[in-house]
Amino acid sequence: MNVVINFEVLQAYSLCHRKAYLLIYSKEQGTLHEYEQILIKNQLANQSINLQLLKQKHIDVYPYSISNLEEEHELLIDAKLVADRLQADCSILTRVSKLNYEPTIFIGTHTINKTDKLQLMFVGHVLAKIQGKQPEIGHIVNVQGESRRFKLEGSHKILIPVLESLQEWLNESSPEEPPVILNKHCPICQFRERCQTKAIQEDNLSRLDRITPKLIRQYEKKGIFTVKQLSYLFKPRKRKKRAKNPPPITHNIELQALAIRTGKIYLQELPTFVRHDTELYLDIEGLPDENFYYLIGLLVCQENRLKYHYFWAENTDNESEIWQEFLAFVAQYPDAPIYHYGSYEPRVINKLSKRYKTNSKAIVDRIININKQIYGKVYFPVYSNQLKEIARFVGATWTSPNASGLQSIVWRQYWGETHDEQYKSILLTYNEEDCQALKLLVDKLTRIKHSADILSEVDFANQRKKQLNEVGQQIHEQFEEILKFAHFDYDKKKISFRKKGLEESETNSVQPQRRMPEQWKPKHLEIQSRAKKLVKVQTDNICPRCNSYQTKETTFPARRYIIDLVLTKNGIQKTISQYFGFKGFCKACRKNYEPLLIQQYPKNQVYGNGFGAWIIHQRVALRLPYESIVEASIEYFNEEISVTLPLYFLQKFSVLYSETEKLIIDNLLKSLFIHVDETRVNIRGENWYVWVFTNEKYVVYKLTETRESTIVHEFFKSYQGILISDFYPGYDSVECKQQKCWVHLIRDLNSDLQANPLDQEFENFISEIQNLIIGIMETIQKYGLKRRNLNQFKKQVDSLYQRVLIDRKYKSDLVLKYQKRFIRYRDSLFTFLEIDGIPWHNNTAERAIRPFAIQREISKSPLHESATRDYLTLLSIRQTCRFQGKSFFKFLFSGETDIDQFEVRKRKR
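Positions 3 to 911 (the working numbering) are the ones given, in order, by the sequence shown.
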């Protein structure tokens, strides 16, 4: 089969592999869409006019042939370029030097798109094979005769992967037919009916509008090949408790599939718009290629009466007039909402406002996008959220069976050529029916909003309707109470199995007062008799308020009773002390004041800082829950503390050691390298993020509300060392040298290799990486991270990139993914080869963040922001002590705030 690859096939492959296959191998070529026919007609007319002008202006104009090319005529026209089973049509070849021509093509549109650029690249590629030199420049001329220059350098990088795939088809005797994957190009494709029929027969996943080929492949790996199979994957989800903000609105294709299978409308959220007595329904038609809007349609609904109004522009000169007429008409209904569907109308309003310098704020504030009331909230049993599809489901019809936005462009083009009133009438009918369809949809959403509980065709996605009558509901409630009865503290709660109303009527209205728990009662009076130690405190000579020396001691006593823990040589000793002294009086400010040693303990504080240090160690180092700390206090020291006391000391000690945290950060920023990592944490039902910064000696943690890397940029703002991290993109823009973690990369490679054992191309790719990295690891194991030993591998790295990575074309999606990663991170994957002592992995950061991850698993309930920040400050100190081999427990009791000045812990052997 003697088949050549032309631009039609190349363009088809870039849009849909199946279309390219059918163009080459199918006998039935289908019928081009009317819009495609119009573009071809416009292109030929544009080419004919410009070639006639060219012949009039130039003498040395010849039709293309190889002989005329070799004779080096100035201009060659109507070129059919053929080389290596490639064929390209070029309107004009212009000589720029000896045997060096530049191509010019004509298009049938006003704007130049990616397809036009691809065509020029293809022409340049085939021309380069004929003349032996790649043309540097090409030209594209639009229907208005405007010519634009484009550089063709590097176009082979885009063309070669597609051409190689097509050449493989031609080399095979019977290539496999690509599967049906419907996409946005389908409405204009000549094979649309053929593929649509097959997709319906297969119940193809690509019929769902928002599904992607990548997502289809993921579902196929799970054994999901049809929409019906996909529908069984949907699982209702409960909203997280204590969530401050609602979850983001996203479209759930599994729920969409469920709606299609059951034929029901499923709700994630109810519509929120409010209806009015007078309402406007807006639909605008335009020609996107010309950036021209010729029809603005409005359906006015007033007191249940409908009337359609339109504003029609004969040409671009009339666009300003219909815009002004539209603004004046809408101003007559200042309180009426303006309904529309999708983002098209708001964009048009903004464009026309800027184009004609009008203030459209009054309109923008009133427009309501009905698509936003549906997307991710209301799931109709249809395959897309397009207005036509949903509106047909709720009963809307169109006079023209092929009515669509694309077809309206065709009708307008026909009207522009003929000015036949028939086409104008078709367009006005189509626009009015769009407005009526929108009105039907708004009415349906209103019924759903007010009657969702009783409509049989409507159900709630995350909480299905409970079809129980009054007796069944009563039985259900009583069974729930019986289940509560089995709880261990049922006797304290006094659960009743009777109805709430009856129970309340038989209960005495006077409720007994709740007694305060014992651990919440003040202990000042209780511990006075237990105090064994008296500490006399001298009155300060300086007033703590105004720093005046005009003070004197009074006869008013000042005392505190404090339960504390003292660290001794043999363990911990509990002490109960009375701090006693006399208040001072300041003659300057005329105020009494207590000695500072007594002031350090608030009047309601019973426990000293030593007791607080023990509590902090239990919480931070041993990761005990608050209830367990309370229990340990009773068992160890016979002290029944409040469950809130650990929170108090967390806050107090985080302030006390804030300077310690600053010293840690200062030392980190002086180091040669810093590891960084992040992990999620649940803060009152929302995902926050904890970041760790460490250099194997110092550790600091930070909390942020999002995963945005702002805190990383702030932390490394003036850092001159090396940042070691994983492949999270947020780190990439930090302005310092970086080293990416090879452990993460090898782990990903190994995981994908095991998951795809039949991908031979990926296996060969990994083998090349393996050969390089094993040699490097063996050298590190033998000599350590020494530049003089590792520098020898730089040539091997360059060789790997030239042989395996740069400008190599692969088919495997996995290979393409890792090829892209290796090229993107070339400068940060091998920094450890250039500088002594730089780790090649980020294990230190993972080790540092593990204690928090463990605490997160222990604390199953959502945490609070302030308590988490306090905890992270103290965890920074604890992990720094651990990395330096020092006792965090003894550091807390020492009163020291600089870890470097604290004595190193001596271990017994």
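Quick reminder that beta carbons are idealized off the backbone N, C-alpha and C, glycines included.
Query                                                                                                                                                                    : Result
Are the segment 364-382 and the segment 402-409 in contact at 8 Å, needing three or more beta carbon pairs?                                                              : no
Please report how far the alpha carbon of Q857 lies from the alpha carbon of F893, in whole angstroms.                                                                   : 21 Å
By the 10 Å Cβ neighbour count, where 16 or more other Cβ atoms means buried, how is R805 classified, buried or exposed?                                                 : exposed
Taking 9 Å as the threshold (beta carbon to beta carbon), is K353 in contact with chain C?                                                                               : Annotation note: the requested chain C is absent from the structure, which comprises a single protein chain.
What does the Cβ neighbour count give for C18, buried or exposed, with the cut at 16 atoms within 10 Å?                                                                  : buried
With H, G and I counted as helix, E and B as strand and the rest as coil, what does DSSP make of S99?                                                                    : strand
Just checking, does the segment 309-317 make contact with the segment 335-351 on the three C-beta pairs under 8 Å criterion?                                             : no
Do the segment 750-765 and the segment 842-861 make contact, defined as three or more Cβ pairs closer than 8 Å?                                                          : no
Assess, as a yes-or-no matter, whether the segment 89-104 is touched by the segment 127-146 under the definition of 3 or more beta carbon pairs within less than 8 Å.    : yes
Measuring alpha carbon to alpha carbon, tell me which of W744, S50 and P348 ends up nearest N845.                                                                        : W744
To the nearest angstrom, report how far apart I7 and N44 are at their CA atoms.                                                                                          : 24 Å
With contact counted as at least three CB pairs below 8 Å, one residue from each stretch, are the segment 883-893 and the segment 646-658 in contact?                    : no
Can you list, in chain order, the residues of its chain with a C-beta nearer than 6 Å to that of R880? Leave out the 5 residues immediately preceding and following it.  : V622, A623 and F890
For the alpha helix (DSSP H) that contains G612, what are its first and last residues?                                                                                   : N611 to I618
Are V678 and V701 closer than 9 Å when you measure CB to CB?                                                                                                             : no
Below 8 Å, how does it come out for the segment 320-328 and the segment 346-364: are there three or more Cβ pairs, yes or no?                                            : yes
Since I believe P597 is in contact with T541 (beta carbons under 8 Å), could you give me their beta-carbon distance rounded to a whole number of angstroms?              : 6 Å
So T557 is in the beta strand (DSSP E); what residue range does that whole segment cover?                                                                                : T553 to T570
May I ask you to report which of helix, strand or coil DSSP gives R1?                                                                                                    : Outside the shown range of the chain, which is 3 to 911, sits residue 1, and nothing can be said about it.
Shortest alpha-carbon distance to H141 belongs to which of K451, L120 and G134?                                                                                          : L120
Apart from the five residues on each side of it in sequence, which residues of its chain come closer than 7 Å, Cβ to Cβ, to Y551?                                        : N543 and I544
Going by DSSP, what residue range makes up the alpha helix (DSSP H) through E848?                                                                                        : N845 to I860
Excluding the 5 residues preceding and the 5 following Q601 in the sequence, name in chain order all residues of the same chain whose CB lies nearer than 6 Å to its CB. : none
According to DSSP, what are the bridge partners of V683?                                                                                                                 : W690
Which residue from L12, N293 and I255 puts its Cα closest to that of V164?                                                                                               : L12
Measuring alpha carbon to alpha carbon, tell me which of K441, I324 and Q146 ends up nearest L282.                                                                       : K441
In the segment 53-111, which residue ranges form an unbroken alpha helix (DSSP H) of at least 4 residues, counting only runs that do not cross its ends?                 : 68-72
Once you ignore the five residues that flank T111 on each side, which residues in its own chain have a CB closer than 6 Å to its CB?                                     : D291
What separation, rounded to the nearest whole angstrom, lies between the Cα atoms of T117 and I132?                                                                      : 23 Å
Once the 5 residues before and after E195 are set aside, which same chain residues still bring their CB inside 8 Å of it?                                                : G32
If you reduce the DSSP assignment to three classes, tell me which class D285 lands in.                                                                                   : strand
Using a Cβ-Cβ cutoff of less than 7 Å, which residues in the same chain neighbour N185 once the five nearest sequence positions on both sides are dropped?               : C18
E434 to E323, Cα distance in whole Å?                                                                                                                                    : 20 Å
Would you check if the distance between the CB atom of T609 and the CB atom of E641 is smaller than 9 Å?                                                                 : Residue identity differs from the one stated: residue 609 is Tyr in this sequence, not Thr. Yes, the pair counts as a contact, with Cβ atoms nearer than the cut-off.
Less than 8 Å between the CB atoms is what I'm expecting for K477 and R532, so what's the real figure, rounded?                                                          : Per the sequence shown, the amino acid found at residue 477 is Ile instead of Lys. Incorrect: roughly 57 Å between the Cβ atoms, too far for contact.
In terms of residues, what are the limits of the alpha helix (DSSP H) holding K605?                                                                                      : Neither: K605 is in no alpha helix (DSSP H) and is coded neither H nor E.
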